[in-house]
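A.B. asks: In UniProt numbering, the protein residues as written are 1 to 172.
Each residue gets a CB set at the ideal place from its N, CA and C atoms; glycine is no exception.
Nothing here was measured: the structure is a model prediction, and the numbers come from that model.
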Ligand SMILES: CC(C)(COP(=O)(O)OP(=O)(O)OC[C@H]1O[C@@H](n2cnc3c(N)ncnc32)[C@H](O)[C@@H]1OP(=O)(O)O)[C@@H](O)C(=O)NCCC(=O)NCCS
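So, in structure tokens, the structure goes:
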């Protein structure tokens with residue numbers, strides 16, 4: 001990618017832009033703007049944004065599940081349609097795994113719908129680059145969501161990884 005992209009943890013001022021990337025994706029569940037502000041405020045160390053020419057073109061949000069110290073959970077990742085397919089998604093995951101907020105984690109978990117080919121390919125690629133297994137198992141069934149129109153969510157469990165060991169993950 002020729003354009004200069006910078007990666008960093010978000011601040012409260014990024015909450016609205018993250019909300020907009022989610023809204024524009026047309027794929028991701030759009031949560032309230034308040035929630036993205038809250039994540040940018042209190043969970044910034046396990047979230048990241050990609051910035052190009054002063055614009056947020058991608059983000060990743062995550063958290064450390066309480067009581068499961070080895071896990072970093074990726075909640076949502078989104079790249080603006082204009083910037084997809086150029087390795088940005090992979091760099092966001094890589095940035096998150098190497099960030100302070102993911103220190104001590106050795107398992108990456110996320111949930112993905114069966115029809116989301118891009119996301120499935122992204123996280124399988126991460127497992128491949130780390131040289132570790134990617135286990136897929138049921139998590140949330142479509143019937144557990146209110147109303148209709150939400151697919152199943154399968155749990156992707158990647159690891160155990162050790163970033164101090166040789167791996168193909170993008171460096172920062
Ligand atoms: C999923 C998403 C974040 C991927 O971001 P991206 O920057 O386009 O992904 P990358 O360019 O880093 O590609 C990562 C890998 O996925 C593959 N990939 C990307 N898009 C793909 C697609 N549409 N179909 C199949 N494979 C795809 C790439 O070839 C690459 O594979 P590799 O590791 O073998 O080289 C992006 O498509 C997106 O924002 N989608 C809408 C939101 C969404 O679905 N988020 C995930 C659910 S939380």
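Please determine, among 87, 129, 117, the residue with the shortest C-alpha to C-alpha distance to residue 167.
C.D. replies: Selected option, being the one with the closest Cα: 129.
A.B. asks: Can residue 167 be considered in contact with ligand 1, in the sense that its beta carbon sits closer than 8 Å to one or more heavy atoms?
C.D. replies: Answer for residue 167: no, Cβ out of range of ligand 1.
A.B. asks: For residue 159 and residue 104, what's the separation of their Cα atoms in angstroms?
C.D. replies: Cα to Cα, the separation comes out at about 13 Å.
A.B. asks: Bridge partners of residue 157, per DSSP?
C.D. replies: Paired residues: 109, 135.
A.B. asks: Looking at the secondary structure, which residues open and close the beta strand (DSSP E) in which residue 58 lies?
C.D. replies: Its beta strand (DSSP E) spans residues 55 to 63.
A.B. asks: Closer than 8 Å by C-beta to residue 24: which residues in its own chain qualify, once you throw out the five before and the five after it? Chain order, please.
C.D. replies: Answer for residue 24: 80, 81, listed in chain order.
A.B. asks: Taking 8 Å as the cut-off, does the CB of residue 76 come closer than this to any heavy atom belonging to ligand 1?
C.D. replies: Result yes, Cβ under 8 Å from ligand 1.
A.B. asks: Which word fits residue 15, buried or exposed, when buried means at least 16 other C-beta atoms lie within 10 angstroms of its C-beta?
C.D. replies: The residue is buried, with at least 16 neighbouring Cβ atoms inside 10 Å.
A.B. asks: DSSP three-state call for residue 45: helix, strand or coil?
C.D. replies: In the structure shown, residue 45 sits in a helix (DSSP, three-state: H, G or I).
A.B. asks: Specify the secondary structure class of residue 170 as computed by DSSP and reduced to three states.
C.D. replies: It is coil, neither helix nor strand.
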